[in-house]
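First the structure, in the form of structure tokens, and then the observations on it.
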Amino acid sequence: DLVPLDPTKVKVKRDDAGRIVYEVDEKLYSYLDILHIPGLVPPGALRGLSPIAYARDVIDTAGRAQDFGRSWFENSAVPPAVIQMPVHASQGSPQGPTDMERAKSVAATWNATHGGTSNAGKVGVLVGGAELKTVAIANRDSQWIESRQFSVQEIARIFGVPPHLIADSSNSTSWGSGLAEQNLAFGQFSLRPYVERIEDAHDRLLSAEGYPDVFWKLNLDALLRASLTDRYASYS
């Protein structure tokens, strides 16, 4: 049978004869004991590249955009903004304790009455000559929505997955032949490299065990099946 191993606990290296061996819990195993199916492998490397590790900037940007959106809706009192208070006549300086207490009181009242989604759209009132000056960039101006959509496409592109397969049809004109061709291309250009690696890895084991004429074949017919019209045209 096949027992999945935690890849972080497996060390891939070469022995004195140059053969690839695997170390798991300080025990060595040959390539006949460990079925290793790497992804993209640089020349001379023994392990495949991690798409997540090498695309960390793209994924991190998507995560930051999501955190920004959550923070925006949790603090929807149009932050960051400043409330400008006039200098109190008796103090003569905006740093006076009375002015600071007044400013904090106005800011706390504003956040309590206008912060959060439940207070969105309420009319703001400032007293005592205070002025609210917004210094934030609107979501529309910062292209936050566009960056969220682009992040979906970027992450899908890392794995070669058409966006419509993960429910992003923003750039698809219809659900017709165009998407059908993308589905076929997904099987041919995205799945096929992984399928061939899996088949080759099993073929090596079969050949080493004395079955050179037996081979593995993963059936992708269900994914590559054409439409009913195309199939009958091919039959005819």
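Numbering follows this note's numbering, with no gaps: position 178 of the sequence shown is 167. By construction, the Cβ of each residue, glycine as well, lies at the ideal position given by its N, Cα and C atoms. Since the model is a prediction, treat every value here as computed from it, not as a measurement.
Let me know if TRP205 comes out buried or exposed under the rule of 16 or more other beta-carbons within 10 Å of its beta-carbon. For this step, residue 205 is matched to residue 216 along the sequence shown. By the neighbour-count rule (16 or more Cβ atoms within 10 Å), TRP205 is not buried but exposed.
Cα separation between ASP4 and TYR20? For the purposes of this step, residue 4 is taken as residue 15 along the sequence shown, with counting starting at 1. For the purposes of this step, residue 20 is taken as residue 31 along the sequence shown, with counting starting at 1. So the alpha carbons of these two residues sit roughly 12 Å apart.
If you drop the 5 nearest sequence neighbours on each side, which residues of the same chain put their C-beta closer than 8 Å to that of LEU(-6)? As a first step, residue -6 must be located in the sequence shown, where it is residue number 5. Around LEU(-6): VAL13 and ILE23.
Given this structure, state the Cα-to-Cα distance separating ALA190 from THR218, to the nearest angstrom. Indexing the sequence shown from 1 puts residue 190 at position 201. Indexing the sequence shown from 1 puts residue 218 at position 229. Each residue's Cα considered, the two are about 37 Å apart.
Look at the alpha carbon of SER107 and the alpha carbon of LYS122, and state the distance between them as a whole number of angstroms. Counting from one through the sequence shown, the residue named residue 107 turns up at place 118. Counting from one through the sequence shown, the residue named residue 122 turns up at place 133. Cα-Cα distance, rounded: 22 Å.
With LYS93 and THR102 assumed to form a contact (beta carbons below 8 Å), what rounded beta-carbon distance in angstroms separates them? Position 104 of the sequence shown, counted from the first residue, corresponds to residue 93. Position 113 of the sequence shown, counted from the first residue, corresponds to residue 102. That pair is no contact at about 15 Å.
Delimiting residues of the beta strand (DSSP E) encompassing GLU12: Within the sequence shown, residue 12 is the residue found at index 23, counting from 1. Here the beta strand (DSSP E) through GLU12 covers 9 to 13.
Neighbour flag for ARG146 against chain C, beta carbons, 8 Å: Looking at the structure shown, chain C is missing, and only one protein chain is on hand.
Quick check: the Cα distance between ARG59 and ARG53, rounded to an integer number of angstroms? On the sequence shown, residue 59 is found 70 positions in, with the first residue counted as 1. On the sequence shown, residue 53 is found 64 positions in, with the first residue counted as 1. Approximately 10 Å between the Cα atoms of the pair.
Alpha-carbon to alpha-carbon, ASP(-10) and ILE147: Looking up residue 147 in the sequence shown gives position 158. Looking up residue -10 in the sequence shown gives position 1. Cα to Cα, ILE147 sits roughly 32 Å from ASP(-10).
Selected residue, minimal CA-CA separation from LYS2, among ARG193, GLN73, GLY33 and GLY28: Residue 2 sits at position 13 when you count from the first residue of the sequence shown. LYS2 has its Cα closest to that of GLY33, out of ARG193, GLN73, GLY33 and GLY28.
Check TYR224 in the structure and name its three-state DSSP category. Along the sequence shown, read from residue 1 onward, the residue named residue 224 stands at position 235. Looking at TYR224 - three-state DSSP - the assignment turns out to be helix.
Distance between beta carbons of LYS0 and TYR279, contact taken as under 8 Å: This structure does not reach residue 279, given that the chain is present from -10 up to 225, and the question cannot be answered.
Taking C-beta to C-beta, are PHE175 and PRO152 nearer than 8 Å? Against the sequence shown, residue 175 aligns to sequence position 186. Against the sequence shown, residue 152 aligns to sequence position 163. No, they are not a contact pair.
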